[in-house]
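Numbering (this note's numbering), first residue to last: 19 to 131.
Given below as structure tokens:
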């Protein structure tokens, strides 16, 4: 069983031992706060893409409807004549060639879900 599976199962069952991870979350929060401050004072700069970009992800571990949302957004934008590109990391894929072009005939075990 992978560490990802163990933590996901513990999270879904609200396992008591997850409280041991609380100090790590505090450290993560501190790092995030410092990083935000670095952007605010100009130590770090952000990239402004020349085209509109939407990022959908990390809403939840899985099953929260990200894929149907992306499909609906693509259909909505294409109906209005907007060219759309979707980039996905393809969770669970096992392809050796990156980037990989994914189409309707692509196999999920190769390109991911």
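Note that the Cβ used here is the ideal one computed from N, Cα and C, for glycine as well.
Item	Value
Same chain only: Cβ atoms within 6 Å of residue 45, ignoring 5 sequence neighbours per side	none
For residue 118 and residue 129, believed in contact at Cβ under 8 Å, the rounded distance	6 Å
Euclidean distance between Cα positions of residue 23 and residue 36	14 Å
Cβ-Cβ distance between residue 69 and residue 84 below 8 Å	no
Three-state secondary structure assigned by DSSP to residue 99	coil
Proximity of residue 62 and residue 56 at Cβ, strictly below 8 Å	yes
Coarse secondary structure for residue 66, derived from DSSP in three states	coil
Proximity of residue 104 and residue 88 at Cβ, strictly below 8 Å	yes
Residue 120 versus residue 92: straight-line alpha-carbon distance, rounded	15 Å
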